[in-house]
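The sequence shown begins at 0 in numbering that gives the first Met the number 0 and counts up one residue at a time.
Please read the structure below before turning to the comments.
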Amino acid sequence: MLFQEKLINVVKEKCETDPRISACMMYGSFTKGEGDIYSDVEFYVYLKNTEMGQFESSDWMKDIAPYDLLFFNEFGTEVVVFSNLIRGEFHFQPESEIEVIKTFKETGVFPDTESMFIYDTTGKLKACLDDLKGDGPERMTNENVNFAFNNFVNAWIMGINVLKRGEIARSLECLTYVQKYVLQLIRIREKNVERWLNATKNLEADLSEKAYGEYASMTSRLDKEDLYHAYANALNVVEGLVLILADDYQFDINLMFLKKLRAHLRNDRLPLM
């Protein structure tokens with residue numbers, strides 16, 4: 000049994016014996032049949048409303064497994080790093096907010112909602128999880144294609160401009176956003192959009208060899224000339240995407256606009272090809 004599976008069992012047992020806990024659900028890889036030795040464990044733990052003020056998550060965590068670090072990340076999620084370096088994410092919320100679970104439907108597909116159920120005394124958790132069943136949100140839409148194209152342009156121009164200014168590190172950061180939006184468009188083209196919000200996840204298995212090569216061509220070292228090549232290659236990929244996606248989608252940018260971007264790219268002394 001994987002360490003993570005043992006953790007899941009311990010969390011379930013702890014919820015069942017702690018009178019302060021009203022309900023608990025799990026999300027992430029282990030609810031999608033994708034959990035392995037490298038996966039995180041992730042939970043929403045709902046407390047009785049009267050217990051929120053006194054509850055100490057650090058004490059509660061110590062009974063699950065030894066850990067080295069416990070902190071809140073930038074999204075307000077409590078992250079625990081267990082002593083064997085397995086990560087856990089825990090959201091401790093009042094019972095009165097349990098129906099927020101229904102909003103998760105907007106984030107993707109939940110193929111096995113029964114595996115998400117850990118514990119419940121409210122009688123509401125199963126109904127909330129049942130609400131997540133079925134197909135996820137439609138990703139292959141004009142709105143999403145236009146959003147990805149437009150945000151690609153925004154990230155691309157900013158990345159090139161700071162590169163020309165000499166901010167190489169900042170340009171490399173901008174390139175990650177360029178890659179994100181191009182990758183979403185590639186997933187649209189390949190009709191593989193289940194991981195729309197986390198477009199790099201399982202990329203090696205999800206995409207065709209051609210698509211993976213396109214993504215690889217947009218990667219770069221922290222080097223000015225290498226970055227220029229990556230931004231140029233991103234334009235090449237996007238030009239091909241415009242030609243293909245124009246048959247099925249409506250969006251603002253066109254090949255003439257991309258030629259203007261290419262001219263802006265070439266307005267520099269570094270060789271591009």
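Ideal Cβ positions, reconstructed from N, Cα and C, are used throughout, including at glycine.
### Message
Can you find the residues in the same chain that come closer than 7 angstroms, C-beta to C-beta, to Leu-226, ignoring five residues on each side of it along the sequence?
### Response
Working through the sequence shown from its first residue, we reach residue 226 at position 227. Taken in chain order, the residues that qualify are Leu-162, Ile-167, Ser-170, Leu-171, Leu-174 and Ser-219.
### Sequence-distant residues of the same chain with beta carbon closer than 8 angstroms to Leu-1, five excluded per side
Residue numbering aside, residue 1 sits at position 2 when the sequence shown is read from its first letter. Listed in chain order, the non-local C-beta contacts of Leu-1 below 8 angstroms within the same chain comprise Gly-34, Asp-35 and Ile-36, local neighbours out to five positions each way being set aside.
### Message
Quick check: what's the CA-CA separation for Ala-22 versus Glu-189?
### Response
If you number the sequence shown from 1, residue 22 lands on position 23. If you number the sequence shown from 1, residue 189 lands on position 190. Distance between Ala-22 and Glu-189, taken at the CA atoms: about 39 angstroms.
### Message
Using the three-state DSSP reduction, which class does Ile-20 fall into: helix, strand or coil?
### Response
As a first step, residue 20 must be located in the sequence shown, where it is residue number 21. Strand.
### Separation of Leu-184 from Ala-245, as counted between CA atoms
What you label residue 245 is simply residue 246 of the sequence shown in a count that begins at 1. What you label residue 184 is simply residue 185 of the sequence shown in a count that begins at 1. Their Cα atoms are separated by approximately 12 angstroms.
#### Entry: Beta-carbon gap between Asn-141 and Tyr-45 smaller than 7 angstroms
Locating residue 141 in the sequence shown gives position 142, where the first residue counts as 1. Locating residue 45 in the sequence shown gives position 46, where the first residue counts as 1. For Asn-141 and Tyr-45, no; Cβs fall outside 7 angstroms.
### Query
Do Met-51 and Val-79 have their CB atoms nearer than 7 angstroms?
Along the sequence shown, one-based indexing puts residue 51 at 52. Along the sequence shown, one-based indexing puts residue 79 at 80. The answer is no: Cβ separation not under 7 angstroms.
### Task
Measure the Cβ-Cβ separation of Ile-243 and Phe-148 and say whether it is below 7 angstroms.
On the sequence shown, residue 243 is found 244 positions in, with the first residue counted as 1. On the sequence shown, residue 148 is found 149 positions in, with the first residue counted as 1. No, Cβ-Cβ distance for Ile-243 and Phe-148 is not below 7 angstroms.
### Task
Give, in chain order, every unbroken run of the beta strand (DSSP E) that is at least 3 residues long and sits entirely within the segment 14–96.
Taken in chain order, the complete beta strand (DSSP E) segments of 3 residues or longer contained in the segment 14–96 are 20–26, 40–46, 66–71, 77–81 and 86–93.
### Message
Rounding to the nearest angstrom, what Cα-Cα distance links Lys-31 and Phe-54 in this structure?
### Response
The residue given as residue 31 occupies position 32 in the sequence shown. The residue given as residue 54 occupies position 55 in the sequence shown. Straight-line Cα distance between these residues: approximately 30 angstroms.
### Query
Where does Asp-276 sit, in a helix, a strand or coil, going by DSSP?
Absent from the model: residue 276. The displayed extent of the chain is 0 to 272, so no value can be given.
### Task
Helix, strand or coil for Tyr-248, going by three-state DSSP, please let me know.
As a working note, residue 248 is residue 249 in the sequence shown. In the structure shown, Tyr-248 sits in coil (DSSP, three-state: anything other than H, G, I, E or B).
### Query
Can you list, in chain order, the residues of its chain whose CB lies under 7 angstroms from that of Ala-229, leaving out five sequence neighbours each side?
The count along the sequence shown starts at 1 and reaches residue 229 at position 230. Within the same chain, Leu-174, Met-217, Thr-218 and Ser-219 come within 7 angstroms of Ala-229 by CB-CB distance, once the 5 residues on both sides are set aside.
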